[in-house]
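If you read the sequences in order, they're chains A and B. As numbered in my numbering, residues 5 to 328 make up the first sequence, in order. As numbered in my numbering, residues 5 to 328 make up the second sequence, in order.
2 protein chains.
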Amino acid sequence: MRIAIDAHGGDHAPDAVVEGIRQAKEKWPDLKIILIGLKDMEDQLALDGVEFRPVTEKIEPEDKPTQAVRRKKDSSIVVGCQMVRKKEADAFISGGNTGALMAAGFFHVGRLKGVDRPALAPVFPTLNGKGILVLDVGANPEAKPEHLRQYATMGSIYAEKVLGFESPRVGLLNIGTEEGKGTELTREAYALIEKDLAARFVGNVEARDILEGPCEVLVCDGFTGNVLLKNTEGVAKAVFGRLKQELTANWMTKSMAALLKPRLKKFAQAMDYKEHGGAPLLGLKGPVIKAHGSSDARAFYNAIRQTRRFLQHDVISRMEEELS
Amino acid sequence: MRIAIDAHGGDHAPDAVVEGIRQAKEKWPDLKIILIGLKDMEDQLALDGVEFRPVTEKIEPEDKPTQAVRRKKDSSIVVGCQMVRKKEADAFISGGNTGALMAAGFFHVGRLKGVDRPALAPVFPTLNGKGILVLDVGANPEAKPEHLRQYATMGSIYAEKVLGFESPRVGLLNIGTEEGKGTELTREAYALIEKDLAARFVGNVEARDILEGPCEVLVCDGFTGNVLLKNTEGVAKAVFGRLKQELTANWMTKSMAALLKPRLKKFAQAMDYKEHGGAPLLGLKGPVIKAHGSSDARAFYNAIRQTRRFLQHDVISRMEEELS
């Protein structure tokens with residue numbers, strides 16, 4: 005099992021990446037890691053027992069995805085995806101430019117047989133701490149019913165094998181719970197998914213219920229999923245931010261905040277994406293995992309843990325079997 | 005100015021409705037209110053100086069909207085909309101079944117010249133307390149670019165005249181900030197709105213930035229808007245709910261919670277839809293206002309206050325002028 009990792013992806017790269025790998029190597033000493041990084045940073049990125057693959061270019065967060073992938077052929081993102089295709093690596097993890105990673109995955113790793121569009125599938129936090137896999141959150145903004153059907157199957161296999169849910173339930177994001185609600189897309193997708201998954205399909209799920217964990221896999225088009233992801237981040241950040249402001253307003257609230265901290269921290273942790281690893285790009289011929297842009301060492305460690313399970317359970321073959 | 009109000013809409017009806025009207029009459033003694041309620045509840049609903057319009061039917065929250073509007077012709081929702089069309093009332097407010105109110109508005113009040121689809125336009129809370137008008141949140145799940153252009157104009161007039169924003173800025177909800185992002189719908193709508201509004205159009209707005217108040221009017225298709233609305237409610241409710249749980253876990257946290265309460269309450273109020281009145285259904289020939297289902301007396305009072313401004317500024321004629 006050889007996992008290629010982008011040294012330069014994310015706000016805290018490369019230090020958080022290197023530290024995450026160090027922790028993973030400590031836990032699984034026989035794990036083979038190939039760290040892809042800028043040639044002139046080789047010394048800084050050196051890690052015992054980790055192979056270094058030098059590159060000469062770097063895709064920046066503000067680069068235009070498709071253009072960057074086309075032009076920066078010797079960047080960590082492009083090289084990582086090519087290594088997966090050439091089977092020089094079994095999987096690739098990056099915390100870099102999401103759009104570029106999706107484009108490079110699509111062009112250089114390639115789609116799995118039976119998959120029309122890959123989907124980006126992060127785990128959203130839920131109040132019960134188990135999380136819910138949401139796909140797609142933006143790989144394919146304009147989805148067709150058939151794409152949503154494929155997401156349901158891929159998400160369901162991933163949730164079972166990698167996230168460890170027994171018979172995961174699948175829901176369809178919609179604006180009402182009754183059948184027939186929503187748009188032409190959701191109505192047609194409903195019929196297709198119901199036919200495929202039968203009892204494991206819980207039907208339509210409304211956005212206000214997501215945090216309660218009404219299912220383990222939630223399917224939607226990439227535009228809506230992306231809005232959902234960013235809105236959840238925005239609202240949670242705003243509420244926590246304002247709360248912090250109120251709790252540190254004066255010496256009295258500050259001393260109370262100190263006492264409350266352990267309790268609030270537990271909650272903040274349950275709501276934290278970092279505990280859930282990265283978001284896989286499902287539907288490609290090999291595992292490509294997007295680590296969150298603000299990933300710290302623990303998040304990279306978790307992304308590696310999750311990628312191990314992805315490979316151990318041979319999720320890709322299972323998806324190909326079910327979809328082709 | 006005669007405002008018709010549904011006595012039976014919302015979780016706290018009819019008491020919250022009656023109390024909201026009482027408060028409004030106290031503030032504006034010459035305001036004419038027509039309360040539409042079930043005949044056999046006339047005594048309970050009697051209010052000094054308020055006309056009572058008896059009906060024999062009631063649309064329930066769980067009724068199928070279009071069916072209910074067709075069958076229950078003597079319900080408060082259908083009668084209220086018909087009164088607006090016949091000019092027996094200048095506006096109608098209801099906290100009842102949202103789908104039924106939208107259907108009755110569409111069929112019985114009718115569309116304004118130049119409007120293809122009416123839009124439901126609630127005010128979302130923002131951290132600065134000013135709020136942001138979002139439309140559409142579900143009247144028209146499958147929007148076309150031209151609909152979004154009309155929403156931008158209607159929302160902009162409403163935000164200026166009723167919400168009191170001077171030259172309100174208009175944004176387009178999208179999954180990236182650069183022009184060209186998103187779907188065919190958002191790309192085409194972007195061009196149309198930019199042509200119409202010029203400098204007042206701030207371009208694409210991402211969901212994570214909404215609470216910061218990047219603009220005063222935010223335009224989107226009804227499916228996405230509905231998901232956004234319900235997700236915001238769901239996340240805020242979950243975070244506040246969990247916070248309450250942590251704060252009341254034992255005597256120590258309880259005593260701290262008591263001390264923090266005034267501070268947290270101020271914040272909760274800023275985030276509260278009740279302060280912002282109801283959601284107008286824009287694009288109809290007369291004002292129809294949806295009060296939130298969980299409206300209390302204060303929310304109904306605010307919905308009346310807002311409807312007064314709607315009528316005083318002759319918003320409907322202004323929209324007709326701009327759009328036809």
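Positions of the beta carbon are idealized from the N, C-alpha and C atoms, including for glycine.
About 4 angstroms separates the beta carbon of Gly229 of chain A from that of Val141 of chain A, a gap short enough to meet the 8 angstroms contact definition. Asn208 of chain A: not part of any alpha helix (DSSP H); member of the beta strand (DSSP E) spanning Phe205 to Val209, first to last residue. Distance from the CA atom of Ile320 of chain B to the CA atom of Gly290 of chain B, rounded to whole angstroms, is 7 angstroms. The beta strand (DSSP E) runs lying completely inside the segment 31-61 of chain A and spanning 3 residues or more are 36-42 and 55-59, given in chain order. From the listed residues A:Leu264, A:Glu210, A:Phe227 and A:Phe244, the smallest Cα separation to Gly238 of chain B is found for A:Glu210. Contacts with chain B (Cβ-Cβ distance below 8 angstroms) from the segment 125-156 of chain A involve Leu131, Gly142, Pro145 and Glu146, listed in chain order. Using a 10 angstroms sphere on the CB of Pro65 of chain B, the tally of other CB atoms stays under 16, which defines it as exposed.
Closest by C-alpha distance to Ile161 of chain A, out of A:Glu46, A:Gly287, A:Lys270 and A:Gly133, is A:Gly287. For a cut-off of 8 angstroms, the C-beta gap from Ile81 of chain A to Leu152 of chain A is around 27 angstroms, too long to register as a contact. Comparing alpha carbon positions, the residue from A:Gly99, A:Val22, A:Val54 and A:Lys241 closest to Ala283 of chain A is A:Gly99. When C-beta distances to chain A are compared with 9 angstroms, the residues of the segment 202-220 of chain B below that value are Glu210, Ala211, Arg212, Asp213, Ile214, Leu215 and Glu216, in chain order. Less than 9 angstroms separates the beta-carbon of Ile40 of chain A from that of Ala8 of chain A. Beta-bridge partners of Val83 of chain A (DSSP): none assigned. Bridge partners of Ser98 of chain B according to DSSP: B:Lys294. Close partners of Phe271 of chain B in chain A (Cβ separation under 8 angstroms): Arg246, Leu247 and Glu250. Counting along the chain, Leu116 of chain B sits inside no alpha helix (DSSP H), nor does DSSP assign it H or E at all.
Taking C-beta separations shorter than 6 angstroms and ignoring five residues to either side along the sequence, the partners of Leu105 of chain B in its chain run Ile81, Ser98 and Lys294, following chain order.
Neighbours of Glu237 of chain A in chain B, taken as residues whose beta carbon is under 9 angstroms from its own, are Ala211 and Arg212 in chain order. Interface annotation, Asn230 of chain A: in contact with chain B, CB-CB separation under 9 angstroms.
According to the DSSP assignment, Leu315 of chain B belongs to the alpha helix (DSSP H) that extends over Ala301 to Gln316.
Exposure of Lys265 of chain A is indicated by the presence of fewer than 16 other C-beta atoms within 10 angstroms of its C-beta. Partner residues in the beta bridge of Leu177 of chain A, as assigned by DSSP, are A:Val209.
Contact between Ala147 of chain B and Asp200 of chain B does not hold, since the beta-carbon distance rounds to 16 angstroms and is not under 8 angstroms. In terms of Cβ geometry, Leu137 of chain A and Ala95 of chain A do not form a close pair [threshold 9 angstroms]. Counting along the chain, the unbroken beta strand (DSSP E) around Leu139 of chain B starts and ends at Ile136 to Leu139. Taken atom to atom, the span from the alpha-carbon of Ile38 of chain A to that of Ala307 of chain A is near 15 angstroms. In the assembly as shown, Thr252 of chain B is an exposed residue. Its beta-carbon has fewer than 16 other beta-carbons within 10 Å.
Rounded to whole angstroms, the gap between the alpha carbons of Leu222 of chain B and Pro126 of chain B is 10 angstroms. Looking only at A:Arg75, A:Lys36, A:Gly13 and A:Trp255, the smallest Cα-Cα distance to Leu315 of chain A is reached by A:Lys36. Per the coordinates, the alpha-carbon of Lys68 of chain A lies some 38 angstroms from the alpha-carbon of Pro33 of chain A. Identification of residues in the segment 181-203 of chain B having a C-beta nearer than 9 angstroms to some C-beta of chain A yields Glu182, Lys185, Gly186, Thr187, Glu188, Leu189 and Thr190, given in sequence order.
In the pairwise beta carbon analysis, the segment 175-195 of chain A is classified as not touching the segment 10-24 of chain B: fewer than three pairs are separated by under 8 angstroms. For the set B:Lys165, B:Tyr305 and B:Pro218, the Cα lying nearest the Cα of Phe128 of chain B is the one of B:Pro218. Secondary structure of Phe128 of chain A (DSSP, three-state): strand. Non-local C-beta neighbours of Pro145 of chain A in its own chain, meaning closer than 8 angstroms and more than five positions away in sequence, comprise Asp225, Gly226, Phe227 and Asn230, ordered along the chain.
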